[in-house]
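For reference, the structure discussed in these notes is given below.
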Amino acid sequence: YPNTGRSPSLSCARAGAGSPAMGAKQCGGVRKEEESYIASLTGKQSVRRLHNPNSKQNDTGNFGPIAVAVQVALIVCLFFTDYDFVSHSVFDGTFSVTIFKGIMMMLLVGFGYLRCFLKYYGLGAVGFTFFMTALGLQWSMLVKGWMENSTMYLSFDMTSFIGATAAVAATVISFGALLGKISPLQVLVLTLIEVTCFHLNATLFLGSGHLVPTFSDAGGAISVQVFGAYFGLAASVVYGGATVWHDKENNVAVDPEQVLTTSYFSEIIASLGTTFLWISCPSLIAGSQPLGSAAQKLAIMNTLFALLGSSVIVFAVSSIKTQRLLVAPVRNSTIAGAVAIGAVANVRLGPGKALLIGVLGGIVSCWANIFQYPSAKYDSSNIHGVHGMPAVFGGLISALLPLIMPQEAAFTSLDQLLGLFGTIGIGCVAGACTGGILKCFPRPEPACHDDAYWDTEHLDGWSSATIASGAGANRYAKGEPF
1130 YPNTGRSPSL SCARAGAGSP AMGAKQCGGV RKEEESYIAS LTGKQSVRRL HNPNSKQNDT
1190 GNFGPIAVAV QVALIVCLFF TDYDFVSHSV FDGTFSVTIF KGIMMMLLVG FGYLRCFLKY
1250 YGLGAVGFTF FMTALGLQWS MLVKGWMENS TMYLSFDMTS FIGATAAVAA TVISFGALLG
1310 KISPLQVLVL TLIEVTCFHL NATLFLGSGH LVPTFSDAGG AISVQVFGAY FGLAASVVYG
1370 GATVWHDKEN NVAVDPEQVL TTSYFSEIIA SLGTTFLWIS CPSLIAGSQP LGSAAQKLAI
1430 MNTLFALLGS SVIVFAVSSI KTQRLLVAPV RNSTIAGAVA IGAVANVRLG PGKALLIGVL
1490 GGIVSCWANI FQYPSAKYDS SNIHGVHGMP AVFGGLISAL LPLIMPQEAA FTSLDQLLGL
1550 FGTIGIGCVA GACTGGILKC FPRPEPACHD DAYWDTEHLD GWSSATIASG AGANRYAKGE
1610 PF
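Residue numbers for the sequence shown, in the working numbering: 1130 to 1611.
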C-alpha cells in the first residue's frame, strides 16, 4: 500500500510461515484492508464476489435436463450409424489422427484460452468452448452426413471427424461476439442452430455445384471464418449488449463495461491461447484437403509462411501509433495470416506470395484491432478484426488470383465474389434470426462474470481485482487500445 511500505502478499507469506491459523487470520485482514483501500480510491464496491449463494437468480435453470435430452437424442441417431472400415487408406492412426489432434488443440486450447482475456470470465471462456466443441462435433457429423448422403444410415471414418470440425470452428468463432453475455442453455441453442446453418450454407450454396460451380475455399476462409464472424456479429447485435445488473443484496448497480476489462494475468493466459492457435492453424487450414495429397502439403506450407509474415508485421504495426507494443493486436492479429490465406491455401503461390498475403492480412487485422468496430458491447472478442476482416481480405485475394495467376487458379473471380458476399449475407440473416431466438431466454446476471453460473465459492481469492472507475479503467470496453 502507498505510504505504508507493506506488501499484502508478503505479509500473508510471512504470517503463513509462522502458523497456518495466524496466516489465515492475517491474510483475511490484509484482503479486507486491500479492498477497503481500493474502494476508498474508486468509490466502488469490490466484485470479488458478485454471486449470492442463497439467490436463485443465477442458477442454470433447465440447462441440465435439456442437455441430457439432447444427448439422448444424439445417441438414438448414432445407433443408425457405423464405422467405415472399407476405406482403409483414410481410417489410419497416423496422419489423419495428427491433423485431428491439431484441430482439437486449436478449438479447445487455442480458442478456449484466447477468450480468457476477460479477467472475470476465465471458467466461462474455457468451459463453454469445451461444451460447444463436444456437442457440436456430434451434431455436425450427423447433419453433414444427412445432407451429403440423404439417408439416416451413415458410416464414419477419421475424415468424418475432420470434416465435422469446420462447423464447430465457425460456432466457436461466433461465440466470441457473445462472450460473457449468454447462459449455458443459450450456448446449447446457439451450437445446434449454427452448426445446422453452417452446413446448409456449405452444402446447398457453396457446395451445390450450380450456384457457384467453380467456387474454391481450401482452408475455410470464407465458409468458416467469414460465416462464423458475421453470424456471430449479427446474432450479438440483435441480441443486444449486456444490461446493467442491479445487485439488490449488496445494493449496487454493476454496469457491464465495468467487468469487460482485462488484467495482466488474464492477458498472459490469453497469449498462451494465441500460441496454441498459431501452432495448430495449419491443421485446420489443410484438414479439408485429401490426406497426404500435394494440395494438403501446399496448404500447410502456404499457411506457415503466411503466419510468419503476419506475426512479424503485427509487432511492428502495433507500435507505430503509440510507440508502445499493444496487447490486443499482438494477442489477436498474429494468426491473421492463416485466416487471410485460407481461400487460396492449396494454390501454388510460392513462399514470397504466401508471405505477402500473410503480411497484408496481419496489417488489416492489426488496424481492425486498434480501431475496433463494432464496440466491445456487441463484439466482446473483436471477432470482426480477428476473423471477419482478414477473411474478407482473403476472399478478395482469391477473386483477384484468376486475373494475376490464371494458370494456377481453377476458379473464376465471379464465383469467388458470389461465394464471399453470399456467405456474408446468409451468415448475417441466419445470425440475426438466432439472436432473436436467444433473446427469448434469460440472460446471465452479471454479464462477463464467472459468478453468474459457476460454483466459485470454494475458490478463495480467485479474483482479487476490483471494479475501478476512471478514464483508464475500461479502455478495452471503450474500444481503445491498451
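Each residue gets a CB set at the ideal place from its N, CA and C atoms; glycine is no exception.
Alpha-carbon to alpha-carbon, residue j and residue i
i            : j            : result
residue 1409 : residue 1358 : 19 Å
residue 1491 : residue 1528 : 19 Å
residue 1480 : residue 1534 : 15 Å
residue 1189 : residue 1433 : 42 Å
residue 1182 : residue 1207 : In this prediction, residue 1182 has a pLDDT of 45, which is less than 50 and means its spatial position is unreliable; what the coordinates show is noted afterwards. So the two alpha carbons sit approximately 39 Å from each other.
residue 1351 : residue 1324 : 15 Å
residue 1191 : residue 1314 : 7 Å
residue 1466 : residue 1318 : 31 Å
residue 1233 : residue 1485 : 28 Å
residue 1256 : residue 1548 : 33 Å
residue 1228 : residue 1341 : 28 Å
residue 1326 : residue 1524 : 20 Å
residue 1252 : residue 1370 : 21 Å
residue 1554 : residue 1586 : 44 Å
residue 1560 : residue 1211 : 33 Å
residue 1550 : residue 1320 : 23 Å
residue 1265 : residue 1516 : 20 Å
residue 1540 : residue 1397 : 42 Å
residue 1582 : residue 1312 : 8 Å
residue 1305 : residue 1567 : 15 Å
residue 1288 : residue 1348 : 15 Å
residue 1272 : residue 1445 : 44 Å
residue 1404 : residue 1200 : 33 Å
residue 1421 : residue 1412 : 12 Å
residue 1497 : residue 1443 : 11 Å
residue 1545 : residue 1458 : 29 Å
residue 1418 : residue 1392 : 40 Å
residue 1537 : residue 1489 : 21 Å
residue 1400 : residue 1493 : 20 Å
residue 1595 : residue 1579 : Any answer about residue 1595 is weak, because its pLDDT of 40 lies below 50 and its placement is not dependable; what the coordinates show is given next. If you take the alpha carbons of residue 1595 and residue 1579, they lie about 14 Å apart.
residue 1099 : residue 1441 : The question about residue 1099 has no answer here: the residues shown for the chain are numbered 1130 through 1611.
residue 1542 : residue 1531 : 6 Å
residue 1584 : residue 1194 : 18 Å
Coarse secondary structure for residue i, derived from DSSP in three states
i            : result
residue 1420 : coil
residue 1644 : Because the chain spans 1130 through 1611 in this model, residue 1644 falls outside it and cannot be assessed.
residue 1280 : coil
residue 1294 : helix
residue 1236 : helix
residue 1454 : coil
residue 1192 : helix
residue 1247 : strand
residue 1242 : helix
residue 1259 : helix
residue 1495 : helix
residue 1577 : coil
residue 1425 : helix
residue 1505 : coil
residue 1307 : coil
residue 1477 : coil
residue 1449 : coil
residue 1335 : helix
residue 1265 : helix
residue 1344 : coil
residue 1253 : helix
Span of the beta strand (DSSP E), counted from its first residue to its last, around residue i
i            : result
residue 1284 : 1283 to 1285
N-terminal and C-terminal residue of the alpha helix (DSSP H) that residue i is part of
i            : result
residue 1582 : Taken as a continuous stretch (DSSP letters only), residue 1582 belongs to no alpha helix (DSSP H), as it is neither H nor E.
residue 1368 : 1356 to 1368
residue 1515 : Counting along the chain, residue 1515 falls outside any alpha helix (DSSP H), and DSSP gives it neither H nor E.
residue 1551 : 1542 to 1567
residue 1405 : 1393 to 1415
residue 1470 : 1465 to 1470
residue 1535 : Where residue 1535 is concerned, there is no enclosing alpha helix (DSSP H), given that its DSSP letter is neither H nor E.
residue 1314 : 1313 to 1329
For residue j and residue i, believed in contact at Cβ under 8 Å, the rounded distance
i            : j            : result
residue 1402 : residue 1301 : No, residue 1402 and residue 1301 are not in contact; Cβ-Cβ is about 12 Å, not under 8 Å.
residue 1361 : residue 1269 : Incorrect: roughly 17 Å between the Cβ atoms, too far for contact.
residue 1407 : residue 1470 : The Cβ separation is near 14 Å, so there is no contact.
residue 1355 : residue 1514 : Contact flag wrong, Cβ pair sits at about 14 Å.
residue 1577 : residue 1389 : 5 Å
residue 1475 : residue 1427 : 5 Å
residue 1241 : residue 1258 : 4 Å
residue 1209 : residue 1282 : 5 Å
* Can we say the stretch 1494 to 1505 touches the stretch 1325 to 1343, given the rule of at least three CB pairs closer than 8 Å? -> Contact between the stretch 1494 to 1505 and the stretch 1325 to 1343 is absent, because fewer than three Cβ pairs lie under 8 Å.
* Asked: Taking three-plus beta-carbon pairs below 8 Å as touching, is the stretch 1442 to 1455 in contact with the stretch 1504 to 1517?
  -> By the Cβ criterion, the stretch 1442 to 1455 is not in contact with the stretch 1504 to 1517, since fewer than three pairs of Cβ atoms, one from each stretch, lie closer than 8 Å.
* **the stretch 1237 to 1257 / the stretch 1272 to 1289 touching (three or more Cβ pairs under 8 Å)** => Per the Cβ contact rule, the stretch 1237 to 1257 is not in contact with the stretch 1272 to 1289 (fewer than 3 Cβ pairs under 8 Å).
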